[in-house]
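Asks:
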Amino acid sequence: MLYTLTVFADRGETLLDDTFESPNDSDAREEGIRRLKEGKFEHKGARVTRAGKLIHFERAYLPKIVPVAGSST
Numbered sequence: 093m094l095y096t097l098t099v100f101a102d103r104g105e106t107l108l109d110d111t112f113e114s115p116n117d118s119d120a121r122e123e124g125i126r127r128l129k130e131g132k133f134e135h136k137g138a139r140v141t142r143a144g145k146l147i148h149f150e151r152a153y154l155p156k157i158v159p160v161a162g163s164s165t
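Going from the sequence shown to my numbering is simple: count from 1 and add 92.
Structure below.
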């Protein structure tokens with residue numbers, strides 16, 4: 093089966109959008125986690141999907157957002 097690993101930067105930009113084959117969802121999840129570690133994307137938002145089905149979701153550790161001087165937030 094074909095799986096997609098997508099990794100996002102803190103501000104939402106796509107850092108990695110890669111596909112790979114795996115025999116089942118469990119193995120695909122493990123392979124996705126291995127690739128996250130290998131690419132040093134462990135603390136980024138990431139997901140592994142197959143045909144629209146979410147197999148693994150990695151929550152990002154977001155930095156504290158500091159308001160820009162002069163903004164209303």
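The C-beta atom is built at its ideal place from N, Cα and C for all residues, glycine as well. Remember, predicted model here, so these are calculated numbers, not experimental data.
Measure the Cβ-Cβ separation of L97 and D110 and say whether it is below 8 Å.
Replies: Their beta carbons are under 8 Å apart, which means L97 touches D110 by this criterion.
Asks: Does K145 pass the burial test, meaning 16 or more other C-beta atoms within 10 Å, or should it be called exposed?
Replies: It is exposed - the Cβ of K145 has fewer than 16 other Cβ atoms within 10 Å.
Asks: Quick check on D110: does DSSP put it in helix, strand or coil?
Replies: The answer is strand: DSSP assigns D110 an E or B state.
Asks: Return the chain-ordered ranges of every alpha helix (DSSP H) run that is complete within the segment 104-148 and spans a minimum of 4 residues.
Replies: 117-130, all fully within the segment 104-148.
Asks: Spatial neighbours of F149 within its chain, please: C-beta separation below 7 Å, excluding the five flanking residues on both sides.
Replies: Within the same chain, F149 has close Cβ partners R139.
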